[in-house]
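Heads up: the sequence lines are chains X and L, in that order. First residue of the first sequence? That's 1 in the UniProt record's numbering, and the numbers climb one at a time after it. First residue of the second sequence? That's 1 in the UniProt record's numbering, and the numbers climb one at a time after it.
There are 2 protein chains.
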Amino acid sequence: MTGMSTEPVDLTTALDTFDALWSPRVLARVNDHDVRVAKVRGEHVWHRHDNTDEFFLVLSGHLDIALRAPDRVVTLPRGSVFVVPRGAEHKPSSAEGATILMVELTGTLTVGDRHDPLPGHVDVTTGHEL
Amino acid sequence: MTGMSTEPVDLTTALDTFDALWSPRVLARVNDHDVRVAKVRGEHVWHRHDNTDEFFLVLSGHLDIALRAPDRVVTLPRGSVFVVPRGAEHKPSSAEGATILMVELTGTLTVGDRHDPLPGHVDVTTGHEL
C-alpha cells in the first residue's frame, strides 16, 4: 500500500492493471473504509453484509443490483450511485459489463457474511492491493 | 435524506441542482462517512482535519491540492484520486474549475478543525443536503 495515500492515482491506469472480474482492487483507504474498484460482468451471488453499508458508483457500463424484501432490481447506468444498506440481501449483475467504484468498511468480504452457494467465478476477497 | 439510500442518484442530475462553489452536497451516507460532491473554482483555504482522512476524486476539470511539510502541490486531472491524511494541512484550488467527489467522516467541516482566516467565498458547512 506504500504510496497509495501519498501520491495521486489515475482511475484508468488503475483499471488497466487487472482484468479479473468480480475481484476488487483497493484504490485508497479513508479512515477505516476502503475505496475499491472492480470490473464486473455476468452475475455475482446473493449475499449480505451485516456490518457495513456498501456504496456503488458506476464508472462505465451498466450495473444492476437485485434486492429482496421487497424484490426489486435497481438499475445503475454510468455515473449513478447507490448505497446497499447493511443487512440487505443483494446480488449485483451486469449483462454487458461495467467498471465500478465502491466504498465500504476495510475488511469487508466480497461475498458478505451470508451468501448463496458460490459459483467459481466469484472471487472471495477483502480486496486485492493495486 | 429520505430516499437517498433507497434510490439511485445520478451524479450529473445531482450536480445540476446547485451552482455554489466550495459548498459540498451530501450525495450518500455510507456507515459513518459521507460521500459529497462539490463544484470548485479559485482557492479554498489552508486547513486541516484532525480526525478524518479526506478522499478526493476529480469528476471533471482539474484540482490542485497544496500540502505542507514538505511543501508540494498535488495535481489531480479528471479521473484521478488522492487521499489527504488526517492532520495534514492542505489547500485545494482550481484555476479553471472542477467538480469533485469526496469521502470523509460525517460531520466534517469544510474548513477543518484549524484553518487560516476565512475568505468570504468559502462556505463553512458539514455538507448540505441534496
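Backbone N, C-alpha and C define an ideal beta-carbon position, used for all residues, glycine too.
Between which two residues does the alpha helix (DSSP H) harbouring residue i extend?
i	result
X/T12	11–15
Got a sec, what are the start and stop residues for the beta strand (DSSP E) residue i sits in?
i	result
X/S60	54–67
X/S94	90–105
X/F82	80–84
L/V45	It is not in any beta strand (DSSP E) - L/V45 carries neither H nor E in the DSSP assignment.
X/V74	72–77
I'd like the list of long-range same chain contacts for residue i, defined as Cβ closer than 6 angstroms, with 5 residues on each side in sequence excluded.
i	result
X/V83	D53, F55
X/H128	R25
L/L76	V58, L63, F82
L/I65	V74, H90, P92
Quick one: Cα of residue i to Cα of residue j, how far?
i	j	result
X/T12	X/D113	31 angstroms
X/V73	X/L118	21 angstroms
L/D34	X/H121	32 angstroms
L/P92	X/A69	43 angstroms
X/G87	L/D71	44 angstroms
X/A95	L/G107	38 angstroms
residue 131 of chain L	X/N31	This structure does not reach residue 131 of chain L, given that chain L is present from 1 up to 130, and the question cannot be answered.
X/T99	L/E7	20 angstroms
L/D16	X/V40	29 angstroms
L/V45	L/L67	12 angstroms
L/D116	X/S60	39 angstroms
X/T125	X/F18	15 angstroms
X/G97	X/G42	7 angstroms
Taking 9 angstroms as the CB-CB cut-off, is residue i touching chain L?
i	result
X/S94	no
X/A69	no
X/P77	yes
X/P24	no
X/V74	yes
X/V9	yes
X/T2	Confidence is the limiting factor: at X/T2 the pLDDT is only 39, short of 50, which leaves the residue's position unreliable, though a coordinate-based value still follows. It does not: the Cβ of X/T2 has no partner Cβ on chain L nearer than 9 angstroms.
residue 140 of chain X	In the structure as shown, chain X begins at 1 and stops at 130. Residue 140 of chain X is therefore absent and cannot be evaluated.
X/H33	yes
X/E104	yes
X/R86	yes
residue 131 of chain X	Outside the shown range of chain X, which is 1 to 130, sits residue 131 of chain X, and nothing can be said about it.
Say whether chain X places a C-beta atom closer than 9 angstroms to the C-beta of residue i.
i	result
L/V45	no
L/T52	yes
L/R29	yes
L/H62	no
L/F18	no
L/T126	no
L/L57	yes
Mapping the DSSP letters down to three states, classify residue i as helix, strand or coil.
i	result
L/D34	strand
X/P117	coil
X/L130	coil
L/V111	coil
L/A28	strand
L/V40	strand
L/M1	Bear in mind that the predicted position of L/M1 carries a pLDDT of just 41, short of 50, making it unreliable; the figure below should be weighed with that in mind. Note: L/M1 maps to coil in three-state DSSP.
X/D123	coil
Excluding five sequence neighbours on each side, which residues of the same chain lie with their C-beta closer than 7 angstroms to the C-beta of residue i?
i	result
X/G79	V58
L/D123	A20, W22, S23, T110
X/L27	V9, A14, V35, R36, V37, L130
X/L105	D32, H33, N51, T52
Tell me which same chain residues have a C-beta within less than 8 angstroms of the C-beta of residue i, skipping the five on either side of it?
i	result
X/M102	P24, D34, V35, R36, V37, A38, E54, F55, F56, L57
L/P85	D53
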